[in-house]
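Structure, as structure tokens:
Protein chains: 2
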Amino acid sequence: MSIRPVIISTWPFGLAANEAAAAALASGGNCLDAVEKGINVAEDDPEVTSVGFGGLPNAQGIVEVDAAVMYGPTHGAGSVAGVRGLKNPISLARKVMQHSRHVMLVGEGAREFALRHGFPFTEMLTEPARAKWIQWLLKTYPLPPGKTHDTIGMVALDASGDLAVGCSTSGYAWKEPGRVGDSPLIGSGLYVDNEVGGAAATGLGESILKYCLSFLVVEGMRQGLSPQTACEAALRRMKSREAEYPDAWAGLVALNKAGEYGAACCGHSDFPYALHRGGKNEVLTYSPRPE
Amino acid sequence: MSIRPVIISTWPFGLAANEAAAAALASGGNCLDAVEKGINVAEDDPEVTSVGFGGLPNAQGIVEVDAAVMYGPTHGAGSVAGVRGLKNPISLARKVMQHSRHVMLVGEGAREFALRHGFPFTEMLTEPARAKWIQWLLKTYPLPPGKTHDTIGMVALDASGDLAVGCSTSGYAWKEPGRVGDSPLIGSGLYVDNEVGGAAATGLGESILKYCLSFLVVEGMRQGLSPQTACEAALRRMKSREAEYPDAWAGLVALNKAGEYGAACCGHSDFPYALHRGGKNEVLTYSPRPE
Numbered sequence: 006m007s008i009r010p011v012i013i014s015t016w017p018f019g020l021a022a023n024e025a026a027a028a029a030l031a032s033g034g035n036c037l038d039a040v041e042k043g044i045n046v047a048e049d050d051p052e053v054t055s056v057g058f059g060g061l062p063n064a065q066g067i068v069e070v071d072a073a074v075m076y077g078p079t080h081g082a083g084s085v086a087g088v089r090g091l092k093n094p095i096s097l098a099r100k101v102m103q104h105s106r107h108v109m110l111v112g113e114g115a116r117e118f119a120l121r122h123g124f125p126f127t128e129m130l131t132e133p134a135r136a137k138w139i140q141w142l143l144k145t146y147p148l149p150p151g152k153t154h155d156t157i158g159m160v161a162l163d164a165s166g167d168l169a170v171g172c173s174t175s176g177y178a179w180k181e182p183g184r185v186g187d188s189p190l191i192g193s194g195l196y197v198d199n200e201v202g203g204a205a206a207t208g209l210g211e212s213i214l215k216y217c218l219s220f221l222v223v224e225g226m227r228q229g230l231s232p233q234t235a236c237e238a239a240l241r242r243m244k245s246r247e248a249e250y251p252d253a254w255a256g257l258v259a260l261n262k263a264g265e266y267g268a269a270c271c272g273h274s275d276f277p278y279a280l281h282r283g284g285k286n287e288v289l290t291y292s293p294r295p296e
Numbered sequence: 006m007s008i009r010p011v012i013i014s015t016w017p018f019g020l021a022a023n024e025a026a027a028a029a030l031a032s033g034g035n036c037l038d039a040v041e042k043g044i045n046v047a048e049d050d051p052e053v054t055s056v057g058f059g060g061l062p063n064a065q066g067i068v069e070v071d072a073a074v075m076y077g078p079t080h081g082a083g084s085v086a087g088v089r090g091l092k093n094p095i096s097l098a099r100k101v102m103q104h105s106r107h108v109m110l111v112g113e114g115a116r117e118f119a120l121r122h123g124f125p126f127t128e129m130l131t132e133p134a135r136a137k138w139i140q141w142l143l144k145t146y147p148l149p150p151g152k153t154h155d156t157i158g159m160v161a162l163d164a165s166g167d168l169a170v171g172c173s174t175s176g177y178a179w180k181e182p183g184r185v186g187d188s189p190l191i192g193s194g195l196y197v198d199n200e201v202g203g204a205a206a207t208g209l210g211e212s213i214l215k216y217c218l219s220f221l222v223v224e225g226m227r228q229g230l231s232p233q234t235a236c237e238a239a240l241r242r243m244k245s246r247e248a249e250y251p252d253a254w255a256g257l258v259a260l261n262k263a264g265e266y267g268a269a270c271c272g273h274s275d276f277p278y279a280l281h282r283g284g285k286n287e288v289l290t291y292s293p294r295p296e
């Protein structure tokens with residue numbers, strides 16, 4: 006049985022990531038290869054200021070990255086958080102999943118693991134990011150709300166009908182050193198169950214992780230909800246509780262085993278995401294219904 | 006309305022922790038104070054080799070601790086992971102929850118936050134723990150399975166009917182530096198919903214976190230399951246998937262809003278836990294039914 010692959014990613018920068026993911030599938034890779042190669046594109050792009058190289062730094066001017074990956078067929082997971090000097094944390098997360106007896110490594114320990122496995126280290130703070138950090142220090146760079154933590158999250162269904170999901174981020178701009186949001190947390194920033202579907206999140210990690218949003222979406226799909234309805238239901242729960250936090254917002258993308266997709270957001274004006282399906286790769290936008 | 010407080014903790018060392026938690030409630034503290042003060046007892050006890058001071062170190066001989074706390078009334082959460090030289094990570098997790106704009110801090114960043122907030126630092130490696138580490142290095146200390154990662158997890162219901170939950174651990178003995186298990190992960194090692202109930206986990210973090218076990222227990226209770234049935238249902242899911250991992254085991258404790266409790270384990274011969282209820286504090290044991 007051959008399934009038509011589907012790839013869904015957060016944000017317009019997901020378009021280029023989807024393209025690379027589809028190329029990985031076309032050249033014989035599976036859904037895990039697709040997620041890694043796709044997310045690498047956003048990590049490498051200095052124009053994407055919330056993921057990997059060129060990401061906005063923490064309050065001390067240091068870029069710390071987080072990422073995680075989960076692979077349906079083995080239900081395996083790998084995660085890294087608070088890693089400095091590393092361009093491709095999604096690849097390190099995959100390495101942890103496949104070559105460590107652990108699932109999650111943070112900080113210096115994650116860096117030591119990366120060094121042992123030959124990952125290159127580099128200065129991650131680009132000149133434009135440094136200039137913005139200086140402006141922030143001088144209190145002349147007020148970031149617009151919702152523009153400080155745009156994680157790339159991707160769910161991919163391959164021709165074997167297997168699912169993988171990944172997330173990568175440089176986190177909340179000007180965060181306290183060591184801050185970790187939802188992105189590297191299995192169940193919060195991402196989740197997959199190969200029998201059901203997968204989901205990934207973007208938004209204010211501090212809110213998302215208190216509701217295990219990606220896990221909640223997959224549980225919704227397990228109970229028979231469509232990916233779209235499951236995303237909306239998960240966000241309703243968060244929204245009803247986080248009303249007092251004006252910054253609390255989240256966007257979700259999801260894919261089920263049949264290749265049906267969903268995307269939704271709350272606390273945000275609209276949520277553009279990238280969908281690759283049937284040979285077509287495009288940016289679609291979810292707009293919350295007025296209440 | 007005055008509710009009868011109930012406190013449930015993992016393992017026999019939960020008995021002394023429950024005692025301190027009950028004392029905190031008796032002297033006017035709420036469920037959050039109970040969880041913090043209770044868990045502090047296990048952290049301070051050098052005989053408890055899997056939590057706080059006296060915990061077995063990582064592969065490099067360094068004790069790295071993880072902890073998290075979640076408070077029902079505000080749905081607030083605080084978490085720290087991979088912190089060195091710190092005796093009471095549960096108190097640091099509470100400080101993060103109450104005095105940081107973030108939920109989770111790891112590694113050096115968590116340590117810097119602790120320093121700024123006046124937490125004392127100390128050598129965490131006791132002589133007995135160091136001796137065991139040396140034996141392990143010399144390959145003469147084969148730890149019995151299941152004895153390397155006995156997290157303290159506690160759920161407390163106070164007289165106002167509010168719930169809090171906490172977890173603290175020194176993690177998997179001889180772990181790779183920076184390894185993080187389920188304990189500091191909201192939804193995996195612990196979860197609370199003040200309208201429903203709370204749950205905490207112990208066991209192999211690498212397995213637990215791939216099923217968001219504590220969140221899954223709370224979701225089960227939300228759907229009407231008793232705490233006992235919810236624990237067993239969550240473990241069934243993990244067990245069905247982790248059969249190929251001989252080390253995969255988990256123990257769960259749970260409490261609902263009405264003060265009913267539950268505890269269960271899988272992949273382990275039995276699971277002793279401590280229950281404080283109606284003025285009585287005792288160790289009970291869950292034994293899995295033969296299949």
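Chains B and X, in that order, are what the protein sequence lines are.
Heads up: the first sequence is residues 6 to 296, going by the working numbering.
Heads up: the second sequence is residues 6 to 296, going by the working numbering.
C-beta: ideal position from N, C-alpha, C; glycine also.
Treat the numbers as computed from the prediction; the structure is a model and nothing was measured.
If you draw a straight line from the C-alpha of residue i to the C-alpha of residue j, how long is it?
| i | j | result |
| --- | --- | --- |
| residue 47 (chain B) | residue 259 (chain B) | 19 Å |
| residue 77 (chain X) | residue 42 (chain X) | 17 Å |
| residue 188 (chain B) | residue 275 (chain X) | 35 Å |
| residue 74 (chain B) | residue 84 (chain B) | 6 Å |
| residue 132 (chain X) | residue 57 (chain X) | 14 Å |
| residue 155 (chain B) | residue 176 (chain B) | 8 Å |
| residue 121 (chain X) | residue 44 (chain X) | 23 Å |
| residue 36 (chain B) | residue 165 (chain B) | 9 Å |
| residue 79 (chain X) | residue 106 (chain X) | 14 Å |
| residue 201 (chain B) | residue 116 (chain B) | 34 Å |
| residue 354 (chain X) | residue 136 (chain B) | Residue 354 (chain X) lies beyond the stretch modelled for chain X, which goes from 6 to 296, so this question has no answer here. |
| residue 225 (chain X) | residue 254 (chain X) | 20 Å |
| residue 68 (chain X) | residue 228 (chain B) | 42 Å |
| residue 150 (chain X) | residue 273 (chain X) | Summary for residue 150 (chain X): the model assigns pLDDT 47, below 50, so the residue's position carries little reliability; its value from the coordinates is reported in the next sentence. Rounded to whole angstroms, residue 150 (chain X) to residue 273 (chain X) spans 9 Å at the Cα level. |
| residue 181 (chain B) | residue 109 (chain B) | 20 Å |
| residue 299 (chain X) | residue 127 (chain X) | Residue 299 (chain X) is absent from the model: chain X starts at 6 and stops at 296. |
| residue 21 (chain X) | residue 233 (chain X) | 23 Å |
| residue 297 (chain X) | residue 114 (chain B) | The structure shown does not extend to residue 297 (chain X), since chain X is modelled only from 6 through 296, so no value can be given for it. |
Below 6 Å CB to CB, which residues in the same chain sit around residue i once its five sequence neighbours on both sides are set aside?
| i | result |
| --- | --- |
| residue 269 (chain X) | 236, 237, 240, 257, 291 |
| residue 99 (chain B) | 41, 74, 83 |
| residue 190 (chain B) | 214 |
| residue 179 (chain X) | 64, 141 |
| residue 171 (chain X) | 40, 44, 74, 95, 159 |
| residue 17 (chain B) | 277, 288 |
| residue 93 (chain X) | 45, 48 |
| residue 138 (chain B) | 62, 66 |
Can you check whether the C-beta of residue i is within less than 8 Å of a C-beta belonging to chain B?
| i | result |
| --- | --- |
| residue 191 (chain X) | yes |
| residue 87 (chain X) | yes |
| residue 150 (chain X) | Confidence at residue 150 (chain X) is low in this model, with a pLDDT of 47, below 50, so the placement of that residue is unreliable and no value is reported for it. |
| residue 122 (chain X) | no |
| residue 202 (chain X) | no |
| residue 105 (chain X) | yes |
| residue 215 (chain X) | yes |
Measure the beta-carbon distance from residue i to residue j and round it to whole angstroms, keeping in mind my assumption that it falls under 8 Å.
| i | j | result |
| --- | --- | --- |
| residue 88 (chain X) | residue 70 (chain X) | 5 Å |
| residue 119 (chain X) | residue 91 (chain X) | 6 Å |
| residue 279 (chain X) | residue 19 (chain X) | 3 Å |
| residue 130 (chain B) | residue 8 (chain B) | With a Cβ gap of about 42 Å, residue 130 (chain B) and residue 8 (chain B) do not count as contacting. |
| residue 60 (chain X) | residue 111 (chain B) | Their Cβ separation, rounded to whole angstroms, is 17 Å, which puts residue 60 (chain X) and residue 111 (chain B) out of contact at 8 Å. |
| residue 27 (chain B) | residue 12 (chain B) | 6 Å |
| residue 2 (chain X) | residue 30 (chain X) | Residue 2 (chain X) is absent from the structure shown; chain X starts at 6 and stops at 296. |
| residue 55 (chain B) | residue 145 (chain B) | Incorrect: roughly 20 Å between the Cβ atoms, too far for contact. |
| residue 123 (chain B) | residue 102 (chain B) | About 17 Å separates the two Cβ atoms, so there is no contact after all. |
| residue 271 (chain B) | residue 243 (chain B) | 7 Å |
Answer with yes or no whether the minimum CB distance from residue i to chain X is below 8 Å.
| i | result |
| --- | --- |
| residue 185 (chain B) | yes |
| residue 110 (chain B) | yes |
| residue 42 (chain B) | no |
| residue 18 (chain B) | no |
Tell me which residues share the same chain as residue i and place their Cβ nearer than 7 Å to its Cβ, disregarding the 5 neighbours each side in the sequence.
| i | result |
| --- | --- |
| residue 219 (chain X) | 192, 193, 194, 195, 196, 204, 205, 206 |
| residue 51 (chain X) | 58, 59, 131 |
| residue 222 (chain X) | 204, 235, 236, 239, 257, 259 |
| residue 23 (chain X) | 12, 14, 43, 279, 281, 286 |
Counting only the same chain and skipping the five closest in sequence on each side, list residues whose C-beta sits under 8 Å from that of residue i.
| i | result |
| --- | --- |
| residue 231 (chain B) | 261, 265, 267 |
| residue 263 (chain B) | none |
- prompt: Are there three or more Cβ pairs, one per stretch, closer than 8 Å when the stretch 238–253 of chain X is compared with the stretch 204–215 of chain X?
  reply: yes
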